[in-house]
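Numbering (this note's numbering), first residue to last: 11 to 142.
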């Protein structure tokens with residue numbers, strides 16, 4: 011539908027004018043959602059790749075500098091265990107954070123769904139008022 015025609019249309023009443031204009035706005039929002047999803051996904055992938063490259067480059071550079079300087083890079087078994095333990099705990103914390111984030115998003119989804127159901131019920135109750 012051509013938006014310039016919408017503005018020039020004659021409406022029977024204010025309600026049909028509001029309804030049509032709200033439909034236009036909602037449809038515009040619906041069309042933009044896939045673009046947001048794709049942009050967010052692209053940003054996440056680029057962010058992860060940037061961190062991966064940063065860590066890889068940092069480790070390679072430090073390894074090269076230590077080698078050229080003749081610095082021993084030996085590490086004790088205790089230190090290795092500590093690193094492994096820290097990594098394991100970090101993965102656990104990240105997993106818990108992800109679960110909490112997803113649970114929060116699910117709760118928000120359910121709240122919006124409940125709100126939508128309540129709007130429908132409110133409308134149905136109000137539709138019955140003129141008939142009483």
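Beta carbons are placed, not taken as given, at the ideal position from N, Cα and C, and that holds for glycine.
Note that the structure is predicted; figures quoted are calculated from it, not measured.
Within the segment 21-68, there are no complete beta strand (DSSP E) runs of at least 3 residues. Relative to the Cα of residue 69, the nearest Cα in the group 57, 58, 83 belongs to 83. DSSP places residue 85 outside both helix and strand once states are collapsed to three, so it counts as coil.
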